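Protein chains in written order, with this note's numbering: chain A, 1 to 117; chain B, 118 to 230.
See below:
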């Protein structure tokens, strides 16, 4: 069955340190990949997406993610985090079924990033 | 502000009761999605409507039902409530029927006592 795995439920880091939030998916077909962020007491917001083209995608606030087809991964990275990056991050995937139709968005269980001063 | 409005923000009720959660999508969006977020289950997809019609169904209990009205707002009805139904319920909207680009509301927090 299709699934999205976020290997770490919690990631504590110090301010200005680099961070990587891991995401792996299981699929034998092509996919679209997404990262969403949920700040405390808010709804989810789209952070970045991979649909096609360059495998490295960036967000406006310094996050980037790289699609690695051979490893079926879409890890999220930031070279230097801020206190304001404290949030829960969700990886999500859409299957591109054979014949070109698309499945629904499937979310991982989330990774809570806690940035400490 | 995502443009998606959910009411009420908080709701406390008792077991066995029925509640209705309301969602107004972003202007121009035809799809509405409902998700349940709890500590043990994470973010669970419940149901999607597109332009008034049910398009996809996820892990929605038979005690739960939803609909999308002609003005595109949506309601999620939860009945015979149980303690385990306590959760944050999110509505999201999108322009198309199938997309990964969803706009989420701030959620309705339901507490069942």
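Ideal Cβ placement from N, Cα and C applies to all residues, glycine included.
On a predicted model such as this, the values are computed, not experimentally measured, just so you know.
Going by DSSP in three states, residue 133 of chain B sits in which element: helix, strand or coil?
In the second chain, residue 133 of chain B corresponds to position 16, counting from 1. Of the three classes helix, strand and coil, the one that applies to residue 133 of chain B here is coil, per DSSP.
For residue 201 of chain B, the three-state DSSP class (helix, strand or coil)
Locating residue 201 of chain B in the second chain gives position 84, where the first residue counts as 1. Helix, per DSSP.
Look at the alpha carbon of residue 125 of chain B and the alpha carbon of residue 226 of chain B, and state the distance between them as a whole number of angstroms.
Taking the second chain and counting its residues from 1, one reaches residue 125 of chain B at position 8. Taking the second chain and counting its residues from 1, one reaches residue 226 of chain B at position 109. Roughly 8 Å separates the two Cα atoms.
Can you tell me where the beta strand (DSSP E) with residue 164 of chain B in it begins and where it stops?
Sequence index remark: in the second chain, residue 164 of chain B carries index 47 (1-based). It spans 159-167 - the beta strand (DSSP E) in which residue 164 of chain B sits, taken as one unbroken run.
Excluding the five sequence neighbours on either side, which residues of its own chain have a C-beta within less than 6 Å of the C-beta of residue 182 of chain B, listed in chain order?
Locating residue 182 of chain B in the second chain gives position 65, where the first residue counts as 1. So the list reads 194, once near-sequence residues are dropped.
Can at least three beta-carbon pairs, one atom from the segment 13-32 of chain A and one from the segment 199-213 of chain B, be found at a separation below 8 Å?
no
Taking contact to mean 3 or more Cβ pairs, one atom from each stretch, closer than 8 Å, check whether the segment 155-165 of chain B and the segment 127-139 of chain B are in contact.
no
So, at 8 Å on beta carbons, what are the nonlocal neighbours of residue 205 of chain B in its own chain, with the 5 sequence-adjacent residues on each side left out?
Against the second chain, residue 205 of chain B aligns to sequence position 88. Cβ neighbours of residue 205 of chain B beyond the five flanking positions: 153, 154, 155, 224, 225, 226 and 227.
What residues in the segment 86-115 of chain A have a beta carbon less than 9 Å from any beta carbon of chain B?
90, 92, 93, 94, 101, 102, 103, 104, 105, 106, 107, 108, 109 and 110
CB-CB under 6 Å to residue 37 of chain A, same chain, minus the five flanking residues each way: which ones, in chain order?
If you number the first chain from 1, residue 37 of chain A lands on position 37. Counting only Cβ-Cβ distances below 6 Å, and skipping sequence neighbours, we find 45, 47, 87 and 89.
Taking 7 Å as the cut-off, is the C-beta of residue 199 of chain B nearer than that to any heavy atom in the ligand GTP?
Looking at this structure, you won't find the ligand GTP or any other ligand, since it has none at all.
Just to make sure I have the definition right: I need the residues of chain A whose C-beta is within less than 9 Å of the C-beta of residue 162 of chain B. Which are they?
Taking the first residue of the second chain as 1, we reach residue 162 of chain B at position 45. Residues of chain A whose Cβ lies closer than 9 Å to the Cβ of residue 162 of chain B are, in chain order, 104, 105, 106 and 107.
Assigned exposure category for residue 75 of chain A - 16 Cβ within 10 Å defines buried
In the first chain, the residue the question calls residue 75 of chain A occupies position 75. By the 10 Å Cβ count, residue 75 of chain A comes out buried.
Among B:133, B:221 and B:146, which has the Cα closest to the Cα of residue 167 of chain B?
Within the second chain, the letter at position 50 stands for residue 167 of chain B. Closest option to residue 167 of chain B, Cα to Cα, is B:146.
Closest by C-alpha distance to residue 104 of chain A, when choosing among B:175, B:184 and B:130
The residue given as residue 104 of chain A occupies position 104 in the first chain. Measuring from the Cα of residue 104 of chain A, the nearest candidate turns out to be B:175.
Going by DSSP, what residue range makes up the beta strand (DSSP E) through residue 183 of chain B?
Position 66 of the second chain holds residue 183 of chain B. Here the beta strand (DSSP E) through residue 183 of chain B covers 181-185.
Contact residues within the segment 131-148 of chain B, judged by C-beta distance below 9 Å to chain A
none
Under three-state DSSP, which class holds residue 155 of chain B?
Here residue 155 of chain B is taken as the residue at index 38 of the second chain, counted from 1. Reduced to three states, the DSSP call for residue 155 of chain B is strand.
Could you tell me which of A:72, A:55 and A:71 sits nearest to residue 64 of chain A, measuring between CA atoms?
Start at 1 with the first residue of the first chain, and residue 64 of chain A comes out as number 64. The candidate whose alpha carbon is nearest that of residue 64 of chain A is A:55.
Between which residues of its own chain and residue 11 of chain A is the CB-CB distance below 8 Å, once the five residues before and five after are set aside?
Numbered from its first residue, the first chain carries residue 11 of chain A at position 11. Here the set comprises 19, 21, 111, 112, 113 and 114.
Host beta strand (DSSP E) of residue 124 of chain B (start-end)
Along the second chain, one-based indexing puts residue 124 of chain B at 7. First-last of the beta strand (DSSP E) with residue 124 of chain B: 122-124.
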